[in-house]
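Novice: So that we are looking at the same thing, I have put the structure below in structure tokens.
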Ligand code: ADP
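Residue numbers (my numbering): 75 to 582.
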């Protein structure tokens, strides 16, 4: 096994189910890469452990090779061999674990959504710790993410610290409390955890069912640091309404729980260098933005008769969380007010997908509305670049990235004040907020009136005060949504946790 090179900074190992761009489903993958790259730049040694899925985008991995030795790990009363691969993704060293288990856990053609996900990821969590132990790693921080690798926290303290992998503090980040991975308590034994000991109200027992265990709850209880992806969401999940059953656990452990807003990858999302868009542009040279708007109108067959007509964009998964009824409302209201509307989205929920297909057909050859119901990375860049405004009317939103990307491309966000949107979009008319950070239009009540009023204010400014609008667009483009400040907050949490542990150790 390869050993870690010496580093004067911290040694941080992420154990995760996703990493952008090679194994990405959602924001979690972006965080692992964005946070990892930024901390690496600051001089820390950052390594990642991932499952070796068959569906990884292998062309994004440099120098992928299998190690000579295998790692043996425990599951369901037996030992299984794991082949270990190493490679580099976006400059970060990554270990890929390929289990030689008859169930072919990561040969399923997809990342999640298998009937045995609980087994797949509890297996992976244990194998990852086994790898660190056998490789003689001495990390300062082991950082796990979401329910899939939440098992790492109890496994570490119950099994691996006693075996000698005991240099680390455990940090757990929950990217969305909607997904907790609860399962029948008996399933926990497969990875070697003691189901009887852990199925207790103060440990892993699900707060709504006595015979179920909840991996996210386990990670909250057993980690030294618990984070989520924005300060407002961290507050919301501590309420009965927003906590999805975990508010009491989070309140009990509130001293170790914080919300840190995610950043965006400002290299990938940069209108001055973006190769997906027709004409590159920047805050100081906005001509290109108008050309991108003209280009997408041609591409989508929208009317080009009036180039002053504002274009509203929306790029999203079409799921209830994203406020689908408000998105529909925004389409009609934008049209009534003389705007154009472009939606790029797809839905895993069949009735929502069907409903939007109906709307897409209704507007099939309309001059001012186009719905494109698929996932399309390239088109998403063109829409960010072309649109004047961007709607994000989420019902809840742990962090949200599109509001930050939209601003970087000079598209003014119109957002519901919830979760990470509340921490990144500030209403231009809100006197309580310093003028220099006011950057968009917000509303609170998730109904027609709410979204209408925000849209109307945006249209008003756009149409009646061109100079103010231009200044707003330029201000948005210059806002800093890079990972720098968020990564510094993680760095501080890591460091404080380590010094607390060292102080405690020196007093015994
Ligand atoms: P979530 O992770 O809940 O889906 P985020 O706002 O955190 O929401 O991240 C969504 C990311 O996925 C953004 O980068 C957005 O541009 C992208 N995205 C969403 N839907 C599509 C789509 N249909 N085509 C292309 N990109 C999309």
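Each residue gets a CB set at the ideal place from its N, CA and C atoms; glycine is no exception.
Could you please give the first and the last residue of the uninterrupted beta strand (DSSP E) stretch that includes residue 125?
Specialist: 119-125
Novice: If we call anything under 8 Å between Cβ atoms a contact, is residue 314 one with residue 227?
Specialist: no
Novice: Taking all protein chains shown into account, do 16 or more other C-beta atoms lie within 10 angstroms of the C-beta of residue 79, making it buried, or fewer, making it exposed?
Specialist: At residue 79, the pLDDT of 49 sits below 50, so the modelled position is not reliable; the number obtained from the coordinates is stated separately. With fewer than 16 Cβ atoms within 10 Å of its Cβ, residue 79 is classed as exposed.
Novice: State the start and end residues of the unbroken beta strand (DSSP E) segment that holds residue 32.
Specialist: No information on residue 32 is available, as it lies outside the stretch 75 to 582 that the chain covers here.
Novice: Tell me the rounded alpha-carbon separation between residue 34 and residue 183.
Specialist: Given a span of 75 to 582 for the chain in the structure shown, any question on residue 34 remains unanswerable.
Novice: Would you tell me roughly how many angstroms separate the C-alpha atoms of residue 343 and residue 120, rounded to the nearest one?
Specialist: 23 Å
Novice: Do residue 532 and residue 486 come within 8 Å of each other at the CB atom, strictly closer than that value?
Specialist: Cβ atoms of residue 486 and residue 532: closer than 8 Å.
Novice: Taking Cβ to Cβ, would you say residue 246 is nearer than 8 Å to residue 332?
Specialist: no
Novice: Please report the residue range of the beta strand (DSSP E) in which residue 463 lies.
Specialist: 463-466
Novice: Tell me whether residue 181 sits in a helix, a strand or coil according to DSSP, three-state version.
Specialist: coil
Novice: Taking 7 Å as the cut-off, does the CB of residue 420 come closer than this to any heavy atom belonging to the ligand ADP?
Specialist: yes
Novice: Could you tell me the alpha carbon to alpha carbon distance between residue 148 and residue 208, rounded to whole angstroms?
Specialist: If you take the alpha carbons of residue 148 and residue 208, they lie about 13 Å apart.
Novice: Taking the CB atoms as reference points, tell me whether residue 257 and residue 170 lie closer together than 8 Å.
Specialist: no
Novice: Would you call the region 357-376 in contact with the region 397-404, where contact means no fewer than 3 C-beta pairs closer than 8 Å?
Specialist: no
Novice: Grab the span of the beta strand (DSSP E) containing residue 220 for me, first residue to last.
Specialist: Where residue 220 is concerned, there is no enclosing beta strand (DSSP E), although the alpha helix (DSSP H) it sits in stretches over 220-224.
Novice: With a threshold of 16 other CB atoms inside 10 Å of the CB of residue 565, please say whether the residue is buried or exposed.
Specialist: Counting other Cβ atoms within 10 Å of its Cβ, residue 565 reaches 16 or more and is therefore classed as buried.
Novice: Check the DSSP bridge columns for residue 387 and list the partner residues they point to.
Specialist: 416, 464
Novice: What I want to know is whether the C-beta of residue 449 ends up closer than 7 Å to one or more non-hydrogen atoms of the ligand ADP.
Specialist: yes
Novice: Compare the Cα-Cα distances from residue 503 to each of 93, 534, 483, 476 and report the closest residue.
Specialist: 534
Novice: Using a Cβ-Cβ cutoff of less than 8 Å, which residues in the same chain neighbour residue 427 once the five nearest sequence positions on both sides are dropped?
Specialist: 392, 420, 421, 447
Novice: Taking all protein chains shown into account, do 16 or more other C-beta atoms lie within 10 angstroms of the C-beta of residue 511, making it buried, or fewer, making it exposed?
Specialist: exposed
Novice: To which residues of the same chain is residue 455 closer than 7 Å at the C-beta, ignoring the five residues directly before and after it?
Specialist: If we look at residue 455 and ignore the five residues flanking it on each side, its Cβ neighbours are 348, 350, 351.
Novice: Here's the rule: buried if 16 or more other CB atoms are within 10 angstroms of the residue's CB, otherwise exposed. What is residue 338?
Specialist: buried
Novice: Considering residue 293, what are the terminal residues of the alpha helix (DSSP H) in which it resides?
Specialist: For residue 293, the enclosing alpha helix (DSSP H) has its first and last residue at 289-296.
Novice: So does residue 391 have its beta carbon nearer than 7 Å to some heavy atom of the ligand ADP?
Specialist: Answer for residue 391: yes, Cβ within range of the ligand ADP.
Novice: Near residue 561, what residues of its chain come up, given a Cβ to Cβ distance below 6 Å and the 5 sequence neighbours on each side ignored?
Specialist: 109, 112, 113
Novice: Run through DSSP, which three-state label would residue 135 get?
Specialist: coil
Novice: Going by other Cβ atoms of all chains shown within 10 Å of its Cβ, with 16 needed for buried, is residue 568 buried or exposed?
Specialist: buried
Novice: In the DSSP output, what is residue 88 paired with across the bridge?
Specialist: 122, 217
Novice: My output table needs one value for residue 80: the three-state DSSP class, helix, strand or coil.
Specialist: Caution applies to residue 80, whose pLDDT of 47 falls short of 50 and renders its modelled position unreliable; the value that the coordinates give is listed next. Here residue 80 sits in coil by DSSP.
Novice: Inspect the CB distances between the region 405-421 and the region 493-507 and report whether three or more fall short of 8 Å.
Specialist: They do not touch, by the three-pair rule.
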